[in-house]
């Protein structure tokens, strides 16, 4: 199979992208780099080139894993790691600063084959939170570990621990100072969501989802968003779909967004595209819950609806793949 | 309306209790004090009397609120507070000790009328975590706050902050020492779950759910269970049901238990009893996910399935109430 790689960097409001194809031993992978007020007018041309180059690199990396017979679990973890290691996204290295001027990270992963899941919340010293989330899933009896406890666990598992300063980037620091100066009008908090995520189906028909984030700029009080909440920002089940979300986390938690898409497929018999559309473009939109999701089902169908002005995203899949955008 | 108060302290394996009635401006409230290996053989007679007396007191308290026209939100918070203030349950004052010999508390509340929710995770100094969860819901823009950040928020809201020693009870300390001595065989961790919870529908037809816990004895690494995870241990929506769970939290998170019951009602058209049964007695049981839930719908129907040997629980409702047990 020659993979078709497609990148989206479009700015149409309320537009749902969906792809239909049939899985016949092939594989599909979708990534996102956050939804929000992402418009070309807001970004310099060289920044757009940087984003497109990184997303393409991540997609090619995912393709190489799945092409070689790797699992969707390996692929989604590895692709999210790459985005965590890039300063471009609000996850890992590029995380935003909280109200105390610290970087506080959340991540989750779920294996659609086994139904197992792992998550970390509020960690400050784990270089790759997504790998810690996977360790929680595979090496502990738990699903969600938080704060210093999660960091201790990650260290015991031999994961790379870094100084909190590792996560410093001038761009995010400047944004933090600017946001702090305008703290009374916190609008800026809600307009950009650079969370990253990846969903995939592998040659064996197994699904997986992974999501990682630095949360909201100026977040306070140990706020936990939807990313590490299984069922809200991250969910995978071979029988339905794998979902990774990005957006205003509180709305995604209250609406149990990721699992709701699976539930609509399972109990109503809707297609992935119908279910994703119902949740993101109707339910969330009606509530003012801004954001988007990426999702894939076992047949390689994908959905990438978002109700914001833009969402960084890209995918590859079968030869028969065609895009509507 | 003269409320009929009923208490259950039974030991039948795999038995579902359900109640059918019609709501006509009346109200219903259900509480639980944990599911697990709760058998008369395990508890001295005077302990059973204590539990029954406390559960009765809580139910009468809830009844007085709802009878006077109070909201389900006020009732579930207040009833859970009473259980948090009692050393009998693994929540608030009676919380178990974690691996470090500390008490680390989680709680969540959800308002079925508005769809708003609040939760705290890993707090050590808030006397009533359920009241902090409600403050998160009503006084912040967030759903979930964790650790010291959540404690700071609670203090700023004027909630009662206590020394961590407030949560010490000799009984739990002895259990901690015993568990620690047998840490290699951690079986004991999974057999008792004293989480408390309350669900209610008020005279106005509004639903609410509240859950509070000290988690697992000897829990490590900042483990967060299902209680503060909206959709897993706690969920409420006027259109479907209000649910509070107790049991092996990791299974409840992975299966998005509380919301799944609502989703089955919403998308499959099942009754509350059918949906609760499907999730607790089939899905969870097949996976070895031990525990139970309490739930109520807008018509005052209640369900209290559990797949353990026992679950402390009680309810009151309409004159027409009848129990099958």
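Chains as they are written, first to last, in our numbering: chain A, 1 to 325; chain B, 326 to 650. Every residue gets a Cβ at the ideal spot worked out from N, C-alpha and C, and that includes glycine.
Separation of residue j from residue i, as counted between CA atoms
i, j, result
"residue 199 of chain A", "residue 377 of chain B", "49 Å"
"residue 315 of chain A", "residue 550 of chain B", "34 Å"
"residue 59 of chain A", "residue 31 of chain A", "7 Å"
"residue 404 of chain B", "residue 432 of chain B", "13 Å"
"residue 574 of chain B", "residue 610 of chain B", "14 Å"
"residue 419 of chain B", "residue 215 of chain A", "34 Å"
"residue 267 of chain A", "residue 203 of chain A", "26 Å"
"residue 231 of chain A", "residue 371 of chain B", "42 Å"
"residue 76 of chain A", "residue 576 of chain B", "23 Å"
"residue 348 of chain B", "residue 625 of chain B", "Summary for residue 348 of chain B: the model assigns pLDDT 44, below 50, so the residue's position carries little reliability, and this model does not support an answer."
"residue 102 of chain A", "residue 351 of chain B", "50 Å"
"residue 66 of chain A", "residue 127 of chain A", "24 Å"
"residue 132 of chain A", "residue 113 of chain A", "20 Å"
"residue 542 of chain B", "residue 459 of chain B", "25 Å"
"residue 504 of chain B", "residue 544 of chain B", "11 Å"
"residue 109 of chain A", "residue 238 of chain A", "14 Å"
"residue 621 of chain B", "residue 532 of chain B", "8 Å"
"residue 125 of chain A", "residue 638 of chain B", "43 Å"
"residue 282 of chain A", "residue 259 of chain A", "16 Å"
"residue 447 of chain B", "residue 276 of chain A", "33 Å"
"residue 472 of chain B", "residue 537 of chain B", "15 Å"
"residue 354 of chain B", "residue 569 of chain B", "12 Å"
"residue 614 of chain B", "residue 264 of chain A", "24 Å"
Residue-level contact to chain A via CB, residue i, 8 Å cutoff
i, result
"residue 585 of chain B", "yes"
"residue 466 of chain B", "yes"
"residue 447 of chain B", "yes"
"residue 632 of chain B", "no"
"residue 545 of chain B", "yes"
"residue 575 of chain B", "yes"
"residue 441 of chain B", "yes"
"residue 549 of chain B", "yes"
"residue 652 of chain B", "The question about residue 652 of chain B has no answer, for chain B in this structure spans 326 to 650."
"residue 430 of chain B", "no"
"residue 450 of chain B", "no"
"residue 641 of chain B", "no"
"residue 637 of chain B", "no"
Within chain A, partners of residue i - CB distance below 7 Å
i, result
"residue 565 of chain B", "In chain order: nothing, as chain A lies at least about 12 Å away."
Status (buried if at least 16 other CB within 10 Å, exposed otherwise) for residue i
i, result
"residue 269 of chain A", "exposed"
"residue 489 of chain B", "exposed"
"residue 63 of chain A", "buried"
"residue 3 of chain A", "In this prediction, residue 3 of chain A has a pLDDT of 45, which is less than 50 and means its spatial position is unreliable; what the coordinates show is noted afterwards. Buried, by the Cβ-count rule."
"residue 429 of chain B", "buried"
"residue 84 of chain A", "buried"
"residue 651 of chain B", "Outside the displayed range of chain B (326 to 650) lies residue 651 of chain B, so it cannot be described from this structure."
"residue 88 of chain A", "buried"
"residue 151 of chain A", "buried"
"residue 139 of chain A", "exposed"
"residue 373 of chain B", "exposed"
"residue 436 of chain B", "buried"
"residue 171 of chain A", "exposed"
"residue 233 of chain A", "buried"
8 Å Cβ cut-off: residues of chain B touching residue i
i, result
"residue 230 of chain A", "554, 557, 578, 579 and 581"
"residue 81 of chain A", "Per Cβ cutoff of 8 Å: no residues; residue 81 of chain A is ~21 Å from chain B at best."
Contact with chain B by residue i, beta-carbon distance below 8 Å
i, result
"residue 268 of chain A", "yes"
"residue 148 of chain A", "yes"
"residue 279 of chain A", "no"
"residue 169 of chain A", "no"
"residue 188 of chain A", "Caution is warranted here: a pLDDT of 46 is assigned to residue 188 of chain A, below 50, making its placement in the model unreliable, and the coordinate value is therefore given only provisionally. It does not: the Cβ of residue 188 of chain A has no partner Cβ on chain B nearer than 8 Å."
"residue 199 of chain A", "no"
"residue 246 of chain A", "no"
Partner residues on chain A for residue i, Cβ-Cβ distance less than 8 Å
i, result
"residue 363 of chain B", "Result: empty, since nearest Cβ-Cβ is about 22 Å, beyond 8 Å."
Closer than 9 Å at the beta carbon, the chain A residues around residue i
i, result
"residue 484 of chain B", "The contacting residues do not exist; residue 484 of chain B stays about 13 Å from chain A at best."
"residue 470 of chain B", "220, 221, 222, 223 and 224"
"residue 376 of chain B", "None at all; the shortest Cβ gap to chain A is about 29 Å."
Chain-ordered neighbours of residue i on chain B, where CB pairs are closer than 7 Å
i, result
"residue 290 of chain A", "Residues of chain B passing the Cβ test: none, with the nearest at roughly 14 Å."
C-beta neighbour in chain C for residue i, strict 8 Å
i, result
"residue 97 of chain A", "Of the chains in the structure shown, none is chain C; the protein chains are A and B."
Contact set between residue i and chain B, taken where Cβ atoms lie within less than 9 Å
i, result
"residue 152 of chain A", "545, 546 and 547"
Residue i CB to nearest heavy atom of the ligand MN below 7 Å
i, result
"residue 600 of chain B", "The model depicted lacks the ligand MN and carries no ligand whatsoever."
Exercise. Output the residue ranges of the alpha helix (DSSP H) runs that lie fully inside the stretch 155 to 216 of chain A and measure 4 residues or longer, sorted by chain position.
Key: 170 to 181
Exercise. Note down, one range per segment and in chain order, each alpha helix (DSSP H) of at least 4 residues found wholly within the stretch 91 to 158 of chain A.
Key: 129 to 139 and 147 to 156
Quiz item: If you scan the stretch 30 to 83 of chain A from start to end, which runs of the alpha helix (DSSP H) of 4 or more residues do you find wholly inside it?
Solution: 45 to 67
Practice problem: Jot down the residue ranges of each uninterrupted beta strand (DSSP E) in the stretch 538 to 562 of chain B, minimum 3 residues, whole runs only, in chain order. | Solution: 559 to 561
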